[in-house]
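Student: Here the protein sequences line up with chains A and B, keeping their order. When we follow my numbering, the leftmost residue of the first sequence carries the number 959, and every step to the right adds one. When we follow my numbering, the leftmost residue of the second sequence carries the number 959, and every step to the right adds one. Handing you this structure, nothing more for now.
2 protein chains.
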Amino acid sequence: MIRHPAFATEPWRVRERELHLDVLAQTESVFALSNGHIGLRGNLDEGEPYGTPGSYLNSVYELRPLPYAEAGYGYPESGQTVVNVTNGKLIRLLVDDEPFDVRYGTLHEHERVLDLREGTLARKVRWSSPTGTEVCVTSRRLVSFTHRAVAAIEYEVEPVDRACGVVLQSELVANETVPSQSADPRAAAMLRHPLVMEENLPAKEGVAVMVHSTRASKLRVGAAMCHQIDGPEGTLVDADGSGDVSRVTVAARLEPGQRLRLVKFFSYGWSARRSRPAVHDQVVAALAAARLVGWEGLLADQRRFLEEFWAGADVEVDGDPEVQQAVRFGLFHLVQAAARLEDRPIAGKGLTGSGYDGHAFWDTETFVLPVLTYTYPRGAADALAWRRSILPPARDRAVQLGLAGAAFPWRTINGEECSGYWPAGTAAFHVNADIADAVTRYVDATEDTGFERGSGLELLVQTARLWRALGHHDAQGRFHIDGVTGPDEYSAVADDNLYTNLMAGENLRAAAEAAARHFDLAQALAVTRDEIASWRDAAAAMHVPYDERLGVHCQAAGFTGHAVWDFAATRPDQYPLLLHFPYFDLYRKQVVKQADLVLAMHLRGERFTPAEKLRNFAYYEAITVRDSSLSACTQSVMAAEVGDLKLAYAYLGEAALMDLEDLERNTQDGVHMASLAGSWIALVCGFGGMRAGGGLMCFSPRLPPGIARLTFRLRYRGRLLRVGVTHASTTYRLISGPPLPLTHHGERFTLGDELVTRSTVKGSPPGVEIRQPPGRAPAPRRTR
Amino acid sequence: MIRHPAFATEPWRVRERELHLDVLAQTESVFALSNGHIGLRGNLDEGEPYGTPGSYLNSVYELRPLPYAEAGYGYPESGQTVVNVTNGKLIRLLVDDEPFDVRYGTLHEHERVLDLREGTLARKVRWSSPTGTEVCVTSRRLVSFTHRAVAAIEYEVEPVDRACGVVLQSELVANETVPSQSADPRAAAMLRHPLVMEENLPAKEGVAVMVHSTRASKLRVGAAMCHQIDGPEGTLVDADGSGDVSRVTVAARLEPGQRLRLVKFFSYGWSARRSRPAVHDQVVAALAAARLVGWEGLLADQRRFLEEFWAGADVEVDGDPEVQQAVRFGLFHLVQAAARLEDRPIAGKGLTGSGYDGHAFWDTETFVLPVLTYTYPRGAADALAWRRSILPPARDRAVQLGLAGAAFPWRTINGEECSGYWPAGTAAFHVNADIADAVTRYVDATEDTGFERGSGLELLVQTARLWRALGHHDAQGRFHIDGVTGPDEYSAVADDNLYTNLMAGENLRAAAEAAARHFDLAQALAVTRDEIASWRDAAAAMHVPYDERLGVHCQAAGFTGHAVWDFAATRPDQYPLLLHFPYFDLYRKQVVKQADLVLAMHLRGERFTPAEKLRNFAYYEAITVRDSSLSACTQSVMAAEVGDLKLAYAYLGEAALMDLEDLERNTQDGVHMASLAGSWIALVCGFGGMRAGGGLMCFSPRLPPGIARLTFRLRYRGRLLRVGVTHASTTYRLISGPPLPLTHHGERFTLGDELVTRSTVKGSPPGVEIRQPPGRAPAPRRTR
């Protein structure tokens, strides 16, 4: 866990002032740079020490066998694992023949700064070698938002008080040693050296190129580098390469006051189809473009890109500098994950680590895309275009499962199911409704008819077909979806999971509407009027389980009749429960890992009365242990809605600080994209009370004591608007675009060029005791 | 599948008159010999060709890793697999330097006979070598019922028409090549050469000894052999051994009319603890005892043992010679599995093959022990003593699962859970109630107070504790057992599985009674009066799910509300369903693999009215596909009880002929002990209508048209009785023991020395249509 305060609390930067090797892997994730295509972990320039070396290209994966003690029909036989590709960020330094390694000699000063407006990771080090030569090393790196295939590093070294010999080795290295990712010796062996060398061309004419391909998945990966070198007279440059290493060596003698400066441009490309020469040429060409722009040009482009992003995305949180920093840190990682996606997935960890094998899950659609939709809609469109691109395997999977339409995978990189445990994989069909929901939200927010006709409609139709096949009308006509798993991973394979039913109902309705709207295109998908009617029927008849005795909705049929988990007998060190109790015991008791019914109340809020929301929230709060990072933000939103602003604020803190404080102790494997999105969700949907749909944006602002003023920007249907909330009043301002209808606490008005100000409603406390299981209340902040 | 008729239909023998190499593996299982300690598959004496070479010692297993694509808390990490131990039955023959191999030369005559009264497998072959030398070979083998460690073979060879040179090589061979049992390369490698040589002492003084140990499980296995040889003058005998082979070679020149005869005695022993010298001495000693008795002595002892067994176990079925043969074949395999068990398990396949990895399951207690209890009670006591012996790992497992008492493994050899799929393993807790039920039945049938106090009470107490911890009282006080799996493997992890609830209720009641009866001993197990009261409370409050709308009981909560499987759309080649549809789809629909609720109606019949039984039976018949061998016999029993005698008779045929006709196409892996027991159950409990408990035996005989007379013998509380049923009357006779209360169709009487005759009730047909899913009715016999 990252000790508090690991990072200085600054509004636009994440700054580390001391190097702690025990949390090196965590900081590599926090400081990772990415543009959605290339991802570079924040490894030290010199490569060692490291937590996990990581250079990733979106969708470059290796296959590995999925073993089963007892196999079953339809179990996926092979999984995908993100691969650590050729490392281009490596720059080794020798000072008077001593390798620069912070584990030896003396580290006098250390600073790393992730700059959220510059889009760079800067480093400054003052170090004495074991023999006493002191040098100052500064570096800055970026992964370009504007040049998709390009990353670059500026590296400078300068002696402090006496002359010294300095050697830089700038490298491309493939098949680095990576800590084992799998307990299965066959898979571990396969992933140990995933890349097969096809070409290693040293830096002839200054450009070095390496082409590899993955052993089983047969993906071809190219990397290239070139350098600009500034050094004193007599600086020698040499290039060599063999095996999996390509190297440019720069040697110089530096007097105090002299510097050796190196700018390294490196580029990546990959393809499942293109030839070695084509991939080779592609990375060389990318490099040429980068050199043309130059280091300063890349920096300026980077700044401009982010300026535009922040203009439409920034959230200001007066009074809580920690959350202020965290929400920007989260938005920065989100835009990093989405900037240059172009039909590729956003993985659970983005491209910041190999956690979850680099797989994408439902949380992209449910947590990440809602934020992107209103702040960087192109990213949402790209992520959904990826879903559209994997419809063929999803349709095959539906056939294999005896269903209709498309069954999207629970976890995947290439579109094929990688889940090796079906009760929490295949059975979690809600991912399909989550995708449909993201489509509906995106189309509502953008009126992007091209997307709707090109991708959205088919996604809605094929997922609606899945639900129609998966569910059935009972003798009384009610529509049930039996034997599926909802979001809560401490329950599985239940009938009528309320979240799934409500989301599937909306999926069916949205498909019916879209198919009616674009009936020409729908017919091309063989949709008939009868089929549309059958979707409307199923949606209208969708069963919603309710416990009359307790007066609450049921997470699933029978749920509220189960024994309640014995929280009193559960020790603090037994959380997360899944590491200390068998699934069978978790599944059959009332204990909730993460928001499930409560998430339904956020996303399908119109289906519950305020009184039901309060009763349900209180009931499920008491049994929700939050052993997942996909929970605090939703609990924050609903706590705010039912009026418990103190609790909502506590959950906001947890969501926001998940990675900066490593609250779940796994930030080492990559940052939590959904939780990073969650701080925006908690602020905008929770305290801003934002809900949107059908062309209408609604707000119900209410602020907790800890926040003096909350300001956020949103993009909606071609408008850019800004909402400023204080405890006294809320101000709506249209920054650009035509007038827009809005509601403020239910009062409808049209926002035009004039600022609109309304009183911020002082909510009354819920009047019902809301309590978490013993020891599972969100920890008070700053005392952690 | 074995072609019909593969075996001649004889009342006391299973005779094969032709050798079909395509069903060699199946016949190896059918002709397997065993005494419950040693098991020898019916491999040809000369070793090749073979389907699966198999020599087994009860509980000699190797460990292998259990892999998971996604692991979870409490998943077993290592499995056990039965090991093919040293093969002692190998006798190779060379005729004029040509190896005797039925695949070469000409096989003029072939016959194998399993004699159910002699306890031997005899073989007679007339064969010409490829060069035209014709010989007659006869052999007979036995695994001794009376000498637990001993097997023996008499082997004779005789030229038919011209003199020839003959060489016999009688061997002990370890680490034979066995067809791979695992898709996991690591496990396959481990099982390919499971035995590590510790000693190979050739036949000095006539006795050869080999000692091996298993690589990972560290079990020491000894085998020894010696020979009596009868041949013409000049017969040479030699012995050698090296590596994994020990060999005695006998060479003779035979004139027509001369014979070479060899009697091979071989013995086995194993231990997890004893030293190499101790195991060595043990097998040599066993051999000495066998030689003392001699071949004829062993034969005579074998005959006597079986004579006594049949006196108390035989079932006569006049009018149906196929079933007559099959029920005796089944009883023979049962006594083979149980004869010399002595605290070891009865595996699902006995010791006749490596199917199911040699594991024991709940079917031993539920199908095999009911038969043994009334025919060979010592075998039932031994099998339950094994359960008592594995209480320590079962109690550890309960602790691991967060429960109390004992959680017996779903599948095991050494007592530790080997199930790699928890929804159909760990969650199938009913195995614990099945064990308790077997204890209750055994104690009722034998009044074996020593067993009850020594083993039975603790089994009842620890399983009752499990149920008390596993279930909970709801707000209305009803006791529920949530999230468990019943016998039907096409459903899993449901609430209030009716079978489980009723069996657990009986378990709790029986424990309460036994603990009260032996309160001194119960106190030593820390049982208090309050705990006993809590068992009685839970049993009395046990919830029994019932669907008021349909007027039937529910297999589990919510079951009857599920969609019914689309049988019309299911092709005949899609059975068994589990090979063609995912579990998720099977689990969430109304489709039943095997009797579940129907089994509850057999075992807990007192909990249902006759009308309920009929309605339930008809309802579940329509959705039961019988993709399991653990179903037909139960369906036969309940079909008989509700009056559909034709259907009961059809199911009897299916249960009885499961292995003799290889109906499930997996007899190659070993015979189905439970189904073999099932023909007895169908006859005695179905057509005999036998139920027993509380010291009372009840009969409700009714015969189907296909059976003219049914006679069976039973042991009960020190009595031996015989029941003879014709369509007209039923005759009860007490063969030995004091008078016994019985009922005949509910009419109570006391059976003393006098024969009692009553009318056999002509039942009326059920008056309700009873129908199976399309294509899943039992196939008419003799047309298969």
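A virtual CB, placed ideally from N, CA and C, is assigned to each residue, including glycine.
If you measure beta-carbon to beta-carbon, which residues of the segment 1576-1594 of chain A are closer than 8 Å to chain B?
Tutor: none
Student: Return the first residue and the last residue of the beta strand (DSSP E) that proline 1699 (chain A) is part of.
Tutor: Looking at the DSSP string, the run of the beta strand (DSSP E) that includes proline 1699 (chain A) is 1698-1702.
Student: Do the segment 1526-1540 of chain A and the segment 1022-1033 of chain B make contact, defined as three or more Cβ pairs closer than 8 Å?
Tutor: yes
Student: Out of curiosity, what's the CA-to-CA distance linking tryptophan 1085 (chain A) and asparagine 1158 (chain A)?
Tutor: 34 Å
Student: How far does the beta strand (DSSP E) with tryptophan 1085 (chain A) in it extend, from its first residue to its last?
Tutor: 1078-1086
Student: Could you name the residues of the same chain whose beta carbon sits closer than 7 Å to that of threonine 1039 (chain A), not counting the 5 residues immediately before and after it, in chain order?
Tutor: Tyr1019, Glu1020, Arg1022, Gln1139, Leu1149, Asp1315, Gly1316
Student: Is any heavy atom in the ligand GDP found nearer than 7 Å to the beta carbon of alanine 1569 (chain A)?
Tutor: Absence of the ligand GDP from the depicted structure is noted, as is the absence of any ligand whatsoever, leaving it without description.
Student: Could you check the C-alpha separation between alanine 1210 (chain B) and arginine 1231 (chain B) for me, to the nearest Å?
Tutor: 43 Å
Student: Within 8 Å (strictly less), CB to CB, does aspartate 1432 (chain A) reach chain B?
Tutor: Aspartate 1432 (chain A) belongs to the set of residues whose beta carbon lies under 8 Å from a beta carbon in chain B.
Student: Determine the direct distance from the alpha carbon of asparagine 1372 (chain A) to that of isoleucine 1304 (chain A), and round the result to whole angstroms.
Tutor: 12 Å
Student: Can you tell me where the beta strand (DSSP E) holding aspartate 1073 (chain B) begins and where it ends?
Tutor: Membership of aspartate 1073 (chain B) in the beta strand (DSSP E) is indicated by the continuous run 1064-1073.
Student: Pull out every residue of the segment 1538-1557 of chain A whose Cβ sits closer than 7 Å to any Cβ of chain B, in chain order.
Tutor: His1538, Phe1539, Pro1540, Tyr1541, Phe1542, Asp1543, Tyr1545, Arg1546
Student: Taking 8 Å as the threshold (beta carbon to beta carbon), is leucine 1149 (chain B) in contact with chain A?
Tutor: no
Student: Under 8 Å, with one C-beta from each stretch per pair, do the segment 1447-1457 of chain B and the segment 1506-1525 of chain B reach the 3-pair mark?
Tutor: The segment 1447-1457 of chain B vs the segment 1506-1525 of chain B: in contact.
Student: Could you spell out the range, first to last residue, of the beta strand (DSSP E) harbouring tyrosine 1448 (chain A)?
Tutor: Tyrosine 1448 (chain A) -> no beta strand (DSSP E), and no H or E assigned at all.
Student: Taking just the CA atoms, how far does glycine 1628 (chain A) sit from alanine 1269 (chain A)?
Tutor: 27 Å
Student: Would DSSP call tryptophan 1228 (chain A) helix, strand or coil?
Tutor: strand
Student: Just to confirm, is the Cβ distance from asparagine 1613 (chain B) to leucine 1605 (chain B) under 8 Å?
Tutor: For the record, residue 1613 (chain B) in the displayed sequence is alanine; it is not asparagine. No, they are not a contact pair.
Student: Give a yes or no on contact between the segment 1583-1592 of chain A and the segment 1703-1712 of chain A, applying the rule of three or more CB pairs nearer than 8 Å.
Tutor: no
Student: Cβ of histidine 1438 (chain B) within 8 Å of Cβ of aspartate 1446 (chain B)?
Tutor: no
Student: Relative to the C-alpha of serine 1717 (chain B), which residue among B:Ala1686, B:Val1118, B:Asp1119, B:Ser992 is closest?
Tutor: B:Ala1686
Student: Please tell me whether leucine 1460 (chain B) has its Cβ less than 8 Å away from any Cβ of chain A.
Tutor: no
Student: Quick one: using the 10 Å Cβ neighbour count with 16 as the cut-off for buried, is leucine 998 (chain A) buried or exposed?
Tutor: buried
Student: Is the shortest distance between the beta-carbon of alanine 1174 (chain A) and the beta-carbons of chain B less than 8 Å?
Tutor: Taking 8 Å as the CB threshold, alanine 1174 (chain A) stays off the interface with chain B.
Student: Taking only beta-carbon positions, decide if alanine 1497 (chain A) is within less than 8 Å of chain B.
Tutor: Not flagged as an interface residue toward chain B: alanine 1497 (chain A), since no C-beta distance is shorter than 8 Å.
Student: Using beta carbons (cut-off 8 Å, strictly below), is alanine 1484 (chain B) in contact with chain A?
Tutor: Not closer than 8 Å to any Cβ of chain A, the Cβ of alanine 1484 (chain B) fails to qualify, so no.
Student: With which residues is leucine 1668 (chain B) paired in a DSSP beta bridge?
Tutor: B:Val1275, B:Val1683
Student: Can you tell me where the beta strand (DSSP E) holding leucine 1130 (chain A) begins and where it ends?
Tutor: Note, leucine 1130 (chain A): beta strand (DSSP E), 1122-1131.
Student: Rounded to whole angstroms, what's the CA-CA distance from serine 1658 (chain B) to serine 1492 (chain B)? Just pull it up for me.
Tutor: If I take the Cα positions, the gap works out to 36 Å.
Student: I want to know whether the segment 1398-1418 of chain B touches the segment 1325-1343 of chain B - three or more CB-CB distances under 8 Å.
Tutor: Counting Cβ pairs under 8 Å, three or more are found: they touch.
Student: Span of the beta strand (DSSP E) holding histidine 1170 (chain A)?
Tutor: 1165-1172
Student: Exposed or buried, glycine 1213 (chain B), counting other C-beta atoms within 10 Å across all chains shown (16 or more means buried)?
Tutor: Checking the displayed sequence, the identity of residue 1213 (chain B) turns out to be glutamate instead of glycine. Exposed: under 16 other Cβ atoms inside 10 Å.
Student: For the segment 1493-1525 of chain A, list every residue whose C-beta sits within 8 Å of some C-beta in chain B, in sequence order.
Tutor: Arg1507, Ala1515, Gly1516, Gly1519, His1520, Ala1521
Student: DSSP three-state call for phenylalanine 1645 (chain A): helix, strand or coil?
Tutor: helix
Student: State the DSSP-derived secondary structure class of serine 1722 (chain A), mapped to helix, strand or coil.
Tutor: Serine 1722 (chain A): coil per DSSP, three-state reduction.
Student: Does chain B have any CB closer than 8 Å to the CB of aspartate 1451 (chain A)?
Tutor: In the sequence as presented, aspartate is not what sits at residue 1451 (chain A); that position holds valine. Closer than 8 Å: yes.
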